[in-house]
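Trainee: Please see the structure below; I have some questions.
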Amino acid sequence: MVRLPKEQHDDLWNRYVDNRNATVDDWAHVGIAMRAVRAHALSQDQDRGYTLDGVWWIINDCLDIH
């Protein structure tokens, strides 16, 4: 579950791209795709904590609400 910015002036936008001219594709690449790759790599040697329905959350922004 990934939180998405409402607009380019949203603080969440700036967390992953430092360029106000960045596109939605730029934000998605860094804010979603690269985070997922990094989280997956870091979890290789950890208990992944699957949920009862077999889902493995590598990114859960619901726990990181600002």
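For the sequence shown, our numbering assigns the number 2 to the initial residue and increments by one for each residue that follows.
Positions of the beta carbon are idealized from the N, C-alpha and C atoms, including for glycine.
1. Mind checking whether Ala18 and Asp11 have CB atoms under 8 Å apart?
2. With Ala40 as the anchor, note down where its alpha helix (DSSP H) starts and where it stops.
3. Is it buried or exposed for Gly55, if we count other Cβ within 10 angstroms and need 16 for buried?
Mentor: Considering the structure as presented:
1. As a first step, residue 18 must be located in the sequence shown, where it is residue number 17. As a first step, residue 11 must be located in the sequence shown, where it is residue number 10. A quick correction: the sequence has Val, not Ala, at residue 18. In this structure, Asp11 does not lie closer than 8 Å to Val18 by Cβ.
2. Along the sequence shown, one-based indexing puts residue 40 at 39. Looking at the DSSP string, the run of the alpha helix (DSSP H) that includes Ala40 is Arg36 to Leu43.
3. As a position in the sequence shown, residue 55 is number 54, starting the count at 1. Its Cβ having fewer than 16 others within 10 Å, Gly55 is exposed.
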